[in-house]
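Each position in the sequence shown, counted from 1, maps to that position plus 2 in the numbering used here.
The C-beta atom is built at its ideal place from N, Cα and C for all residues, glycine as well.
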Amino acid sequence: MKRAQGQRPGLQDGLIRAGLLSARSGSQATASRLTSRGTLIRVERGLYQGADAEISIHNSLAVVSAKAPKAVITLLSALHFHKLGLERPWQEWIALPRGSWAPRLTSLKLRVSWLDEAELAQDVEHHSIDGVAVKVFSPARAVVETFHFFRQVGLEPALDALKDYLRCTPNGVQPLMAIARRRRAYNKMRPYVEALL
């Protein structure tokens, strides 16, 4: 694919890492030079985007995933991504493998839950947001996680998400409850599911 005259490498890609930008241009000073010219905006340390790049509403999920590739978007952030419930999170909720490091971000607040790698790999959807691969728990798993961690999230957001899930997914009760059994949230969820059906 040929680039248009004057188009910089990687600037149309959404978010781009400084290392990739340097590799494409052949110079390590490219990011700082383009930032000083106003062509690039520094989003986080080592992470940039074009000044004129169109960014999505879920750009913060792309930033988190670029800085923590093992992260899976969970809880209120996953619910917001799937348009379940009324809660718009003021921080991004991610799940990471036990023993891994949480990224330090200057532009976003993070809430981290630590899960076993096997549990972290289940019920994951893969999306591309602003050129970044983003892993998000499925709608059913996101609802179950809110009940599993209801002390941190609150019961009201969990119930709102459950209502929306059951309304939008009429045949989704069995997969939802199968995940609830596996995540040990079945007994918490069952009375609410039965009341809403």
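Close Cβ partners of residue i (< 8 Å) along its chain, the five nearest in sequence each way excluded
| i | result |
| --- | --- |
| aspartate 1 | The question about residue 1 has no answer, for the chain in this structure spans 3 to 199. |
Top-ranked residue by Cα proximity to residue i, from the options
| i | options | result |
| --- | --- | --- |
| glutamate 56 | Ala31, Gly16, Arg26 and Gly21 | Gly16 |
| valine 66 | Glu147, Leu122 and Asp132 | Asp132 |
| threonine 76 | Pro159, Ala70, Gly174 and Val138 | Val138 |
| lysine 69 | Ile59, Val134, Ala31 and Trp116 | Val134 |
| proline 71 | Ala104, Pro91, Ala80 and Phe149 | Ala104 |
Neighbourhood of residue i by C-beta distance below 6 Å, restricted to the same chain and skipping five residues each side
| i | result |
| --- | --- |
| threonine 41 | Ala53 |
| serine 140 | Asp125 and Glu127 |
| leucine 230 | Given a span of 3 to 199 for the chain in the structure shown, any question on residue 230 remains unanswerable. |
Burial state of residue i, where buried means 16 or more other Cβ atoms lie within 10 Å
| i | result |
| --- | --- |
| arginine 47 | exposed |
| threonine 108 | exposed |
| proline 172 | exposed |
| glycine 87 | buried |
| arginine 143 | buried |
| glutamine 93 | exposed |
| arginine 153 | exposed |
| glutamate 196 | exposed |
| arginine 183 | exposed |
Residue i beta carbon near the ligand ADP (any heavy atom closer than 7 Å)
| i | result |
| --- | --- |
| threonine 76 | This structure does not include the ligand ADP; it has no bound ligands of any sort. |
Residue(s) in a DSSP beta bridge with residue i
| i | result |
| --- | --- |
| valine 74 | Ala97 |
| tyrosine 50 | Ile18 and Arg44 |
Min CB distance residue i to chain B below 8 Å
| i | result |
| --- | --- |
| lysine 69 | Among the chains of the structure shown, chain B does not appear; only one protein chain is present. |
Same chain, Cβ closer than 7 Å to residue i, five either side skipped, listed in chain order
| i | result |
| --- | --- |
| lysine 165 | Leu198 |
| tryptophan 116 | Leu98 and Arg100 |
Threshold first: 4 residues or longer. Then list the alpha helix (DSSP H) segments lying entirely within the stretch 96 to 159, N to C.
Counting whole runs of 4 or more residues, the stretch 96 to 159 contains the alpha helix (DSSP H) stretches 119 to 122, 141 to 150 and 152 to 155.
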